[in-house]
Amino acid sequence: MMRVAELYGGSLYDLAAEEKQERDLLEEMQGVQHLLRENPQYAALLSEPSIPKEKRLELLDQAFRAELKPYLLNFLKLITERGLLFQYAGMCRAYEQRFNKAHNIAEALVRTAVPLEEAERGKLKEALEKQSGKQVVLKERIDASLLGGMVVEMDGKTLDGSVAGRLLAIRKKVEEIVL
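Here this note's numbering is used: the first residue of the sequence shown is -9, the next is one more, and so on.
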């Protein structure tokens, strides 16, 4: 299933890149993804096989004709026709990954016990950009189990500066000594 999402998302990216509309389309895709996430009944309606295909496509036209670029509207129609709307989030993710790679952008998942302050966020972003040589986009998650500090995942690497991580390291050392 993920292969289908990668194929469709990647193909849409290629088309947008050809037309120099990658960033605009990415923003629109994220907007549609947010709308579908916030209104799951609308996504279910567009995926309902008992509703004629023409009517579902008409609903898409009515909702998005004035809001979206024709590429994205036609893309939504295509995946609705093929019963693939439920994979739209994966298609967005594939598109975003291709966009990030093409524009030297790295995504960093930052998990903290409490939300970062703006100054901390800026320093972290700056340090990660200096270390990676890429523009960094931070995605933040709150994880109270960390107790304090943070865990950063970027480019397949994990940097664990959390209190929980330090306690685990100490525990392993103590177990090595005791055994």
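The C-beta atom is built at its ideal place from N, Cα and C for all residues, glycine as well.
Backbone secondary structure at residue i - three-state DSSP
| i | result |
| --- | --- |
| R131 | strand |
| R101 | strand |
| L136 | helix |
| K59 | coil |
Sequence-distant residues of its chain with Cβ nearer than 7 Å to residue i (five each side left out)
| i | result |
| --- | --- |
| Y3 | E12, Y85, R88 and F89 |
| N94 | K124 and Q125 |
| L75 | A33, L36, S37 and I69 |
Cβ-Cβ distance between residue i and residue j below 9 Å
| i | j | result |
| --- | --- | --- |
| V153 | R101 | no |
| L50 | L63 | yes |
| G181 | R83 | Here the chain has residues from -9 to 169 only, and residue 181 is not among them. |
| R45 | E71 | What sits at residue 45 in the sequence shown is Lys, not Arg. Cβ distance not < 9 Å, so K45 and E71 don't count as in contact. |
| L(-3) | A6 | no |
| V164 | Q77 | no |
Same chain, Cβ closer than 8 Å to residue i, five either side skipped, listed in chain order
| i | result |
| --- | --- |
| E9 | Y61 |
| M206 | In this structure the chain extends from -9 to 169, so residue 206 is not present and cannot be described. |
Residues near residue i by beta carbon distance below 6 Å, same chain, minus five either side
| i | result |
| --- | --- |
| L149 | V142 |
| G197 | Residue 197 is absent from the model: the chain starts at -9 and stops at 169. |
Residue i Cβ short of 8 Å to the ligand FMN heavy atom set
| i | result |
| --- | --- |
| Q31 | The ligand FMN is not part of the structure shown, which contains no ligands of any sort. |
4 or more residues per run - each alpha helix (DSSP H) lying fully within the region 5 to 53:
12 to 28 and 30 to 37
Within 8 Å, do at least three Cβ pairs link the region 19 to 27 to the region 57 to 73?
yes
Give a yes or no on contact between the region 23 to 40 and the region 111 to 130, applying the rule of three or more CB pairs nearer than 8 Å.
no
Can you find at least 3 beta carbon pairs, one from the region 102 to 110 and one from the region 128 to 141, that sit closer than 8 Å?
yes
Could you tell me which uninterrupted alpha helix (DSSP H) segments, each at least 4 residues in length, are contained entirely in the region 70 to 123, listed from first to last along the chain?
78 to 92 and 108 to 122
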